[in-house]
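*Asks:*
Residue numbers (my numbering): 68 to 386.
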């Protein structure tokens, strides 16, 4: 991770921690006073976001460490591990709020308290704040190629959806008071169940994406096409036999096999390989390392000549 990248990502993580702490305390307090199961569930979701943002911050700090003897390719996968932790927290919170809402329905619901009006105001404020956090983090995460930040951003978006569900439940229960329909009181815990399902769905999707990336995901051919074309433009490269780009957290490690003129020296082939590596590292900011294997090109076209190639006059390693 570059020095310029880390401060921006760290700042975004701290915004998530402070913002979610404030929202969780606000929604939890009002939810407790108003006895709104939907708002309490929404507060629990925001509280999980605090832990998620903290996990992202830890992952970012770990990914910033330079390569060492135990981790020669760097610590980039720390971000993917942080993303998995965030996803697991989402799943646990989703199960917990779902159980709580089901228990509320089973035990029966009383008429909403007078504080439900405050609950609605808090939910609307939460929707606006969480959507602002989502827009900020998703754009920054894509710009910095940070999987952990992107996962954390989608946590905020799932919180928006859960707050909308909570708003419908709380508003429906409050409307039931004015209309005299006691069955509408159950809209609050039903909304809590819907919130838990949304959280579970988001957590499952994120954890599958994170696991996929952690297991040495290789870019598809269309995704690596730009890298291949760049290698082909390097002077001395006749053909790119193979190119694999492995995702390693926020960066990519490239392994490529190139063909060069078989008549050149080992030193010249080595120089071409160095140019390939330098060109990829300078052109693509997300490429952290390049490994180049040099192959001799077919000594036929375009290197055919009138020289007798059967003569054993080529230099060997013992000359």
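Glycine residues also receive a C-beta, built at the ideal position from the N, C-alpha and C atoms.
1. Can you check DSSP and say which residues form a bridge with residue 228?
2. Let's see if you can read the secondary structure: which residues bound the alpha helix (DSSP H) around residue 201?
3. List the residues that DSSP assigns as beta-bridge partners of residue 358.
4. Determine the DSSP secondary structure at residue 291, reduced to helix, strand or coil.
5. Can the beta-carbon of residue 200 be found closer than 8 angstroms to that of residue 331?
6. On the criterion of 16 or more Cβ atoms from any shown chain inside 10 Å, does residue 296 qualify as buried, or is it exposed?
7. Report the partner residues of residue 306 according to the DSSP bridge assignment.
8. For residue 91, collect the residues of the same chain with a Cβ closer than 7 angstroms to its Cβ; drop the 5 residues on either side in sequence, then sort them by chain order.
9. Thinking just about the alpha-carbon of each residue, which of 343, 207, 190, 156 is nearest to the one in residue 322?
10. Starting from residue 339, trace the alpha helix (DSSP H) in both directions and tell me its first and last residue.
11. For residue 74, tell me which candidate among 233, 190, 248, 208 has the shortest Cα-Cα distance.
12. Near residue 257, which residues of its chain fall below 8 angstroms by C-beta distance, leaving aside the five closest residues on each side in sequence?
13. Going by beta carbon distance, what residues of the same chain come within less than 6 angstroms of residue 229, once the five residues before and after it are set aside?
14. Could you say which of 233, 158, 196, 97 lies nearest to residue 185 if we only look at CA atoms?
15. Check whether the Cβ atoms of residue 226 and residue 204 lie closer than 8 angstroms to each other.
16. To the nearest angstrom, how far is the alpha carbon of residue 348 from that of residue 156?
17. Whose CA, out of 294, 305, 254, lies closest to the CA of residue 103?
18. Given this structure, state the Cα-to-Cα distance separating residue 271 from residue 223, to the nearest angstrom.
19. Taking only three categories from DSSP, how would you classify residue 139?
20. Considering only C-alpha positions, which residue in the set 191, 166, 303 is nearest to residue 31?
21. Quick one: Cα of residue 202 to Cα of residue 328, how far?
*Replies:* In terms of the structure at hand:
1. The partner list for residue 228 (beta bridge, DSSP) is empty, contrary to what the question assumes.
2. 183-211
3. 322
4. coil
5. no
6. exposed
7. 326
8. 110, 113, 114, 117
9. 343
10. 333-350
11. 208
12. 168, 172, 236
13. 109, 112, 262, 265
14. 97
15. no
16. 36 angstroms
17. 254
18. 15 angstroms
19. In this predicted model, residue 139 has a pLDDT of only 49, less than 50, meaning its place in the structure is not dependable; the value taken from the coordinates is given anyway. In the structure shown, residue 139 sits in coil (DSSP, three-state: anything other than H, G, I, E or B).
20. Since the first residue shown for the chain is 68 and the last is 386, residue 31 is missing from the structure and cannot be characterised.
21. 51 angstroms
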